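Novice: According to the numbering used here, numbering within the sequence shown proceeds without interruption in unit steps and concludes at 1149. C-beta: ideal position from N, C-alpha, C; glycine also. Just so we're clear, the structure is a prediction, and the values are computed from it rather than from any experiment. Have a look at this one.
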Amino acid sequence: GGVVVCSHSQGCWEDYPIYFPKTSSVQVCLNFTACVFCPQTSSLQYLDARNTPLLDHSAPFVARALRISGSLAVLHLENAGLSGRPLMLLATALKMNMNLRELYLADNKLNGLQDSAQLGNLLKFNCNIQILDLRNNHILDSGLAYVCEGLKEQRKGLVTLVLWNNQLTHNGMGYLAAALVNTHATK
């Protein structure tokens, strides 16, 4: 069964570790921090932390937990403030997570340089992600070039890449076309 975790608006869960040993789905709202991710969550398959800021001080703990997660298949981090260091830590951790199949990063103000380079690097090393949702960010053509460099390494993994509303032009489509020549499944 699923679990919904909510914290009060003034505090955070950092001081109150929570373990979910028998659940396969967790939805988190408000002041989500790293305590939700514990090694004991070995059966967690779905985590919905959309609209929940991942702060700089908790990002390393969340990244570590994602790196060692043995069962997480779906991760929703829409509108989680991931641009910059939090995304770098997340992408680095997910390079080693071979169980994740769906990653939703919409509405995070991801940029066309540093953030897109991290995403491209993630795609180079993790060929198990099947859905990557990047809609409503600031990827730009320059960032799409980085993402496509990683996409070129995907032989069969990524099936769906969502890029709506990223200020892309026909120039960016050239990078995408070149990357799609090498892949067999991306839509």
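When burial is assigned at 16 or more other CB atoms within 10 Å of the CB, is Thr1014 buried or exposed?
Specialist: Flag for Thr1014 reads buried.
Novice: Mind listing, in chain order, the continuous beta strand (DSSP E) runs of no fewer than 3 residues lying wholly within the segment 1056 to 1084?
Specialist: Entirely contained in the segment 1056 to 1084, the beta strand (DSSP E) runs reaching 3 residues are, in chain order, 1064 to 1066.
Novice: Out of Ser1045, Ala1053, Glu1064, Leu1049, which one is the CA nearest neighbour of Leu1037?
Specialist: Taking only the C-alpha atoms, the option nearest Leu1037 is Glu1064.
Novice: How many Å lie between Leu1052 and Asn1059 at the Cα?
Specialist: The alpha-carbon atoms of Leu1052 and Asn1059 are separated by roughly 11 Å.
Novice: Can you tell me whether Ile1093 is helix, strand or coil according to DSSP?
Specialist: Correct three-state label for Ile1093: strand.
Novice: Report the option in His1100, Asp1069, Arg1097, Tyr1108 whose CA atom is closest to the CA atom of Lys1086.
Specialist: When each option's Cα is compared against that of Lys1086, the closest is Tyr1108.
Novice: Could you round the C-beta distance between Ser1033 and Leu1006 to whole angstroms and report it? I think they count as a contact, below 8 Å.
Specialist: Right, their Cβ atoms sit about 6 Å apart.
Novice: What would DSSP say about Asp1018, mapped onto helix, strand or coil?
Specialist: The answer is coil: DSSP assigns Asp1018 none of H, G, I, E or B.
Novice: Quick one: what does DSSP say Thr1122 is sitting in, helix, strand or coil?
Specialist: Reduced to three states, the DSSP call for Thr1122 is strand.
Novice: Given Gln1080, which residues of its chain have a CB within under 6 Å of its CB, disregarding the five upstream and five downstream residues?
Specialist: Taken in chain order, the residues that qualify are Leu1049, Met1050, Ala1053.
Novice: So which of Leu1120, Gln1092, Asn1073 has the shortest CA-CA distance to Gln1129?
Specialist: Considering only alpha carbons, the answer is Asn1073.
Novice: Quick check on Arg1047: buried or exposed, where buried means 16 or more other Cβ atoms within 10 Å of its Cβ?
Specialist: So Arg1047 ends up on the exposed side.
Novice: Which class does His1100 belong to by DSSP, given the choice of helix, strand or coil?
Specialist: Three-state result, His1100: coil.
Novice: Output yes if chain D places a C-beta closer than 9 Å to the C-beta of Ser1104; else output no.
Specialist: Absent here is chain D; the protein component of the structure consists of one chain.
Novice: Going by DSSP, what residue range makes up the beta strand (DSSP E) through Leu1009?
Specialist: It spans 1008 to 1010 - the beta strand (DSSP E) in which Leu1009 sits, taken as one unbroken run.
Novice: Give the straight-line distance between the Cα atoms of Asn993 and His1019, rounded to the nearest whole angstrom.
Specialist: Here Asn993 scores only 45 on pLDDT, less than 50, and its place in the model is too uncertain to base an answer on.
Novice: Cα-Cα, which of Leu1016, Asn1088, Tyr1066, Lys1071 is closest to Arg1029?
Specialist: Checking every option, the nearest Cα to that of Arg1029 belongs to Asn1088.
Novice: I need the straight-line Cα distance from Gln1116 to Leu1106, nearest angstrom please.
Specialist: Distance between the alpha carbons of Gln1116 and Leu1106: 15 Å.
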